[in-house]
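What follows is a short report on a single structure.
There are 2 protein chains.
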Amino acid sequence: MAQPPMLQENHLLAALSEPESARLTPYLERVNMPLGQVLYESGEQLRYVYFPVTAIVSLLYVMENGSSGEIAVVGNEGILGIALFMGGETTPSRAVVQSAGAAYRLPAQQLKAEFNRSGQMMHLLLRYTQALITQMSQTAVCNRHHSVDQQLCRWLLLSLDRLAGDELTMTQELIANMLGVRREGVTAAAGKLRDAGIIEYSRGHIKVLDRPRLEQRVCECYEVVKKEFDRLLSDIPPRTTHPRF
Amino acid sequence: MAQPPMLQENHLLAALSEPESARLTPYLERVNMPLGQVLYESGEQLRYVYFPVTAIVSLLYVMENGSSGEIAVVGNEGILGIALFMGGETTPSRAVVQSAGAAYRLPAQQLKAEFNRSGQMMHLLLRYTQALITQMSQTAVCNRHHSVDQQLCRWLLLSLDRLAGDELTMTQELIANMLGVRREGVTAAAGKLRDAGIIEYSRGHIKVLDRPRLEQRVCECYEVVKKEFDRLLSDIPPRTTHPRF
DNA sequence: CGCGGTCTGTGCGCTTGCGTACCGAGGCTC
DNA sequence: GAGCCTCGGTACGCAAGCGCACAGACCGCG
């Protein structure tokens, strides 16, 4: 509780012990990240890790022919750059800012140093990584078995959980890139949700009006991942569900 | 090199330093695993980790409606039970023996103890886990964008890499479960490969006749994962590519 | 106020894969 | 050798999603 309150905005940072927090704070730098910013490219050596606060970042995989797919999404519950402490230094995926906002960044060296102390931070990061693995696995099966309609619901809920409000800035084209489907497919799915009065949207702004009914329509994948995140990370003490404004 | 030669059969065990190997060897137990054996169920507490030798194990995700999908495959290059050292204790996936054979198993306690020494083994396991993450991500996009034909090629090659010979015992029905598609889809894809003279099969036995042409037909996903495994695990010293008979 | 670019809506033909059903062939058991 | 069960082959209608093309709507900018 003696931490600078700002660090509470990211769950992982918030869960650090005082000595850990004291060691890292001098190196943490708050940055603003605009929509579309690429934090790192596939195969690129990472210079920083990022702890999102109000921003949301997608881990995107881009194939040779240009088609793409989101494999995970990271908000203020997590960290970007797990390859650094896992030992691979890089990953074959790209990290793109999906919702503009703030994050703390930390030089790679400092993160590795703290990780190698094998303290609480290491265990925290590993458990977070396992939660991320669950998200990726679930995405794999969801891609295989569920309709665009259901996946759109899942995607909206994942974003909503990582946002302060009920509004997101995102075109259907971009959502299509994330889900790895056609833009027209998203148009159709979004149209159904609008006709049902669950969302409203216009030119890159989506507002969720009725979250409960969104949860009725989503496939099981959303719930599975959510429960697993809760299970793995619920003991994080100050449990700030959303950043306060 | 003073290790019992048998341990060389699994790449991770083979890469251990002498003291590590000496600590673990007393607890390692060689087991035979028949086709179809379930090493652990979704959500089940793990009592052992497994280091496959000649066996191949699939990480399978089964959905509420019974449909399923393979999210990763583990052979003698890896380990089963990463949730133990990642801190989650369990995962929402199921581990099923896809190709009968031998493995070493180690009680969960011993693995955790060794991991917590933060030595070479820890770094090895973490790098392996990152490679596994790559495999899962790639599976997610492959599920989205590639045809059953291509995915069958990928699946065959992944199995082939983890086998001693060129023959696998596996029905089309089971392959369909792994890929998360219909059995008839596999029949059609396999028929094309047979007509082209690339494989031959009958009643649960598949023989690969022309691996180079299999590699021509596969999607990029296979290569990406293979390269990443090589990059992350290539410094493992005794590089026994396949168990010798 | 008009222009241009971006975002969304819609239509159409095509391919892939799904669900269902049925059948024959090979191998195992008794 | 008869019977049974598993495995693989095939067919048909259906639905989802794709690629492409184009049109209208909205916004910002000059």
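Chains A and B, in that order, are what the protein sequence lines are. The letter at position 122 of the first sequence is residue 219 when you use my numbering, and the numbering goes up by one with no holes. The letter at position 12 of the second sequence is residue 109 when you use my numbering, and the numbering goes up by one with no holes. Just so it is clear, CB atoms sit at the ideal spot from N, CA and C, and this is done for glycine as well. Quantities reported herein were computed from a predicted structural model and do not represent experimental measurements.
- For B:Q227, the C-beta contacts it makes with chain A under 7 Å involve A180, M183, G184 and G185, in order along the chain.
- Against chain A, the CB of B:N240 has a partner CB under 7 Å away; the residue lies at that interface.
- Look at the region 186-219 of chain B: the residues with a C-beta under 8 Å from a C-beta of chain A are T188, P189, S190, N213 and S215.
- Rounded to the nearest whole angstrom, the C-alpha separation of B:D307 and B:L257 is 12 Å.
- Taking C-beta separations shorter than 7 Å and ignoring five residues to either side along the sequence, the partners of A:E211 in its chain run E117, R120, L121 and M218, following chain order.
- By the beta-carbon neighbour count (other beta carbons within 10 angstroms, threshold 16), B:N162 is exposed.
- The residues V170, V171, G172, V194, Q195, S196, G198, S256, R259 and L260, in chain order, have a CB closer than 8 Å to that of A:I153 in the same chain once the five nearest residues on each side in sequence are set aside.
- For A:Y225, the enclosing alpha helix (DSSP H) has its first and last residue at Q217 to H242.
- Closer than 7 Å to the CB of B:T231 there is at least one CB belonging to chain A.
- Using a Cβ-Cβ cut-off of 7 Å, B:Y147 does not count as an interface residue toward chain A, since no Cβ of chain A sits closer than that to its own.
- Nothing from the region 128-144 of chain A brings a Cβ to less than 7 Å from some Cβ of chain B.
- According to DSSP, B:Y147 shares a beta bridge with B:L177 and B:R202.
- At a cut-off of 7 Å between beta-carbon atoms, A:I168 makes contact with chain B.
- For A:L271, the closest C-alpha among the options A:A200, A:G262, A:W252 and A:K289 is that of A:W252.
- Between the region 239-252 of chain B and the region 277-294 of chain B there are three or more C-beta pairs closer than 8 Å, enough to call the two in contact.
- Take the alpha-carbon of B:E174 and the one of A:E297: they are about 50 Å apart.
- The beta carbon of A:L157 sits no closer than 7 Å to any beta carbon of chain B.
- Exposure of B:V135 is indicated by the presence of fewer than 16 other C-beta atoms within 10 angstroms of its C-beta.
- Remark: C-beta atoms of B:I179 and B:T226 approach each other more closely than 7 Å.
- The beta carbon of B:Q207 lies closer than 6 Å to those of Y124 in the same chain, with the five residues before and after it left out.
- Judged by beta-carbon spacing, B:A237 lies within the 7 Å limit of A:A237, meaning their Cβ atoms are closer than that value.
- Closest in C-alpha terms to B:C318, from the list A:P131, A:Y319 and A:Y158, comes A:Y158.
- When B:N213, B:R224, B:T188 and B:L222 are compared, the shortest CA-CA separation from A:H220 is found for B:N213.
- Going by DSSP, A:A111 is part of the alpha helix (DSSP H) stretching over H108 to A111.
- Considering only beta carbons, the part of the region 260-284 of chain A lying closer than 7 Å to chain B consists of G277, in chain order.
- Counting the other Cβ atoms within 10 Å of the Cβ of B:N240 gives 16 or more, which makes it buried.
- A direct Cα-Cα distance of roughly 44 Å separates B:L249 from A:N129.
- Distances from the alpha-carbon of A:P189 to those of B:L181, B:M233, B:I168 and B:L132 put B:M233 closest.
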